[in-house]
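End of the sequence shown sits at 176 in the numbering used here; the numbers just go up one at a time, nothing left out.
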Amino acid sequence: MNDDTPLLDRQPSRSQRKRDHQALQALVESVVGLPLERIQRLDLPPEVHEAVLDARSQRRGAFRRQIRYIAKMIARSGIEGRLRDGFESASLEGRQNTLRLHRAEGWRDRLCDSGDDTLNAFVEAFPHADRQKLRQLQRRCRQAAQSEGVRHGARALFRYIHQVIDEEGATTAEPE
1 MNDDTPLLDR QPSRSQRKRD HQALQALVES VVGLPLERIQ RLDLPPEVHE AVLDARSQRR
61 GAFRRQIRYI AKMIARSGIE GRLRDGFESA SLEGRQNTLR LHRAEGWRDR LCDSGDDTLN
121 AFVEAFPHAD RQKLRQLQRR CRQAAQSEGV RHGARALFRY IHQVIDEEGA TTAEPE
C-alpha cells in the first residue's frame, strides 16, 4: 500500500466518526433532559427545537430514534459547537442555582436552630436583609418546630433567605 496523502488530509476513521456521533447523541440526550425554559434559551433552529420537544414526550425505542434523528440534524447543520456551549452554560447555571438553594437551606437550618449570633452573622453577610422580618420569621420557625406542627415558618424563612441571597448574588457568604 502506497499512501502518499499527507496525514492532515485524511478523513477520520470510521471508528472515530462513530465515537463522535455517539458523543453527539449523548449531548442531544442531555439537552432533551434540560428544563423547558433552558431549552428555549439554547437558540436552536426551529426544526431542531421541534424535534427536541417531540423527544421529550416519547418513550424508549421512539426516544432513541428521535435522539439519533436530532443528532443527524445537528451534525448536518453544523451547530454542534454552539449547542455544546449553550448546554454547558445551561448546566453551569443549573449548578449555581442548586448551590444557592443549598446555601439558603443551610442558613434556614442554622437560623431555626440557633439564636441571635446566627441572625447577626446572616445580616453581616447580607447587609440589605431586613433584620426585623428575619427575626419574626426565625421566631415563627422556632414556634412551629416546638409545636411539632407543619413547618410553615421554616418555609417562609427559606423563601425570604433565598430571596435575599438571589438579590445579593453572593457566592462567598456560606453558613459555617
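Just so it is clear, CB atoms sit at the ideal spot from N, CA and C, and this is done for glycine as well.
With fewer than three CB-CB distances shorter than 8 Å, the region 77–93 does not count as touching the region 134–142. Between Phe158 and Gln146, the alpha-carbon positions lie close to 18 Å from each other. Leu24 places its beta carbon 8 Å or farther from that of Glu93. Listed in chain order, the non-local C-beta contacts of Ala26 below 6 Å within the same chain number zero, local neighbours out to five positions each way being set aside. Per DSSP, reduced to three states, the secondary structure at Gly78 is coil, with no helix or strand assignment. Apart from sequence neighbours up to five positions away, no residue of its chain approaches Gly115 with a beta-carbon distance below 8 Å. With a beta-carbon spacing of about 10 Å, Ile161 and Arg100 fall beyond the 8 Å limit used to define contacts. Gln66 and Asp54 do touch by the CB rule: their CB atoms are close to 6 Å apart, below 8 Å.
Gln138 and Thr98 have their C-alpha atoms some 23 Å from each other. The region 120–135 makes no contact with the region 60–75: fewer than 3 CB pairs, one atom from each, lie closer than 8 Å. The C-beta separation of Arg56 from Val32 comes to about 6 Å, placing the pair in contact by the 8 Å criterion. In the displayed model, Phe126 falls within coil according to three-state DSSP, outside both helix and strand. Bounds of the alpha helix (DSSP H) holding Leu134 are 131–146. For the 8 Å CB-CB criterion, Ala156 and Cys112 do not form a contact.
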